[in-house]
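Residue numbers (the working numbering): 1 to 296.
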Amino acid sequence: MAQAALKPDRTRDWPFQVTPLSNVLGCEITGITLEDAVSPKLFAKVYEAFLDYELILFRDVDLPPATQVAFAKNFGEVNIHVLSQYHGYGHPEIYMLSNLDKDGKPSGKHPDRGTLYWHTDGSWKERTGQATMMYSETLPPPGRGGETQFADMYRGYELLPAAIKKKIEGKRAIHNFTFSRKRRHGEDPLTTKQSAEVPPVAHPIVRTHPETGRKAIFLGDHAEYIEGMPYDEGRALIEEINVLTTPPDNIYSHVWKPRECMVWDNRCTLHRATGFDESQYVRVMRRCTITGDRPF
Ligand code: SIN
């Protein structure tokens, strides 16, 4: 059950350094290692920073794939993605985003064009993504793209005009991975078997964060239509809300360096990657998504 809404307290007395990454969301944690961060002694505090800032970042981290999976498990059950062709390093829990071809050269193809549109990981599942832990291996040179942008969906809710808030009150959107994958990556859609594993699912458009008790918009690119509304009307409203909740002043753009580990909260943020020249540069990231609750 949701508790009374917790105001984020970004001035707590932390047993490590916390430096905001922007006025929107995100903080960098320094003064402890990632290993310390997931230790029983410190994890509760680190988790508090994660809830307050919606995104935490550790720089200069050596994180072998097996350790990433082990660390991600501190946040909860790690999801095994239905698109098994993306599993990496022999760990089904790892989802690779890499444009390297089999000869170790840039392939000229974006690995997952769905990631270029505002979305929240695993919103197409009944139990949606709670957090995502992403690690940066290789990146295009600075200024050549391949950033990740984050938008705050608590504020996204506040930004909506009263008339739209009224329209979506109590409404649910249907999130459908078969729809979004085909739309953005049509040459490589889900197989019939994969599609059957992830049937469309209804989630409230305004969800209550199960830990902070705050209201957040829960839509993004996997949301196809709105229950009880004509299909085209619902589609148009979803697109309109995705735009209204992501104005420039509600976005943090992260310019990655190699060896960074970030964890973000999928329950109150949207994110998207920015493009880069996939035939010239290499970008290799690996991601673990932690399964959360059924939104309410
Ligand atoms: C994602 O959408 O989960 C990955 C974003 C990125 O590649 O920057």
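We treat Cβ as the ideally placed atom computed from N, Cα and C, and that holds for glycine.
Source: prediction; values computed, not measured.
Straight-line spacing of the CA atoms in Arg181 and Gln85 works out to 14 Å. Closer than 6 Å to some heavy atom of the ligand SIN: that does not describe the Cβ of Ala151. Rounded to whole angstroms, the separation of the alpha carbons of Ile94 and Glu77 is 13 Å.
Here the alpha carbon of Ala72 sits roughly 7 Å from the alpha carbon of Met133. The alpha carbon of Asn79 has as its nearest neighbour, out of Ala66, Thr128, Asp101, Lys167, the alpha carbon of Thr128. Here Val243 is exposed. Its C-beta has fewer than 16 other C-beta atoms within 10 Å. Annotation for Leu57: no alpha helix (DSSP H) segment contains it, though the beta strand (DSSP E) segment containing it runs 55–58. A heavy atom of the ligand SIN is found nearer than 6 Å to the CB of Ala273. The ligand SIN never approaches Met262 closely enough for any of its heavy atoms to be under 6 Å from the residue's Cβ.
In this model, Gly170 and Val206 are separated by some 8 Å (Cα to Cα). Annotated three-state conformation of Gln280 is coil, per DSSP.
Assignment of Glu77 by DSSP, reduced to helix, strand and coil, places it in the coil class. Among the bridge pairs identified by DSSP, His271 is matched with His119, Phe150. Secondary structure at Ile164: helix, using DSSP grouped into helix, strand and coil. Shown here, Glu260 sits in coil according to DSSP, grouped into three states, outside any helix or strand. Close CB contacts of Glu137 within its chain, under the 6 Å cut and outside five residues either way in sequence, are with Val284 (chain order). Taking every protein chain shown into account, the CB of Phe296 has fewer than 16 other CB atoms within 10 angstroms, so this residue is exposed. Beta-bridge annotation (DSSP): Ala131 is paired with Asp265, Ile290.
Bridge pairing for Thr208: Lys215 [DSSP].
Taking C-beta atoms as the reference points, Ile217 and Gly156 count as a pair closer than 7 Å. At a Cβ-Cβ threshold of 7 Å, Trp124 and Val46 do not count as neighbours. Checking the 6 Å criterion, the Cβ of Met285 is within range of a heavy atom belonging to the ligand SIN. The beta carbon of Thr120 sits closer than 6 Å to those of Gly220, Asn266, Leu270, all from its chain and outside the five residues before and after it, given in chain order. For Val255, the CB contacts under 6 Å within the same chain, skipping 5 residues up- and downstream, are Glu147 in chain order. Look at Thr120: its beta carbon is at least 6 Å from all of the heavy atoms in the ligand SIN. Assigned with DSSP and collapsed to three states, Glu137 falls in strand.
For Pro248, the secondary structure class from DSSP, reduced to helix, strand or coil, is helix.
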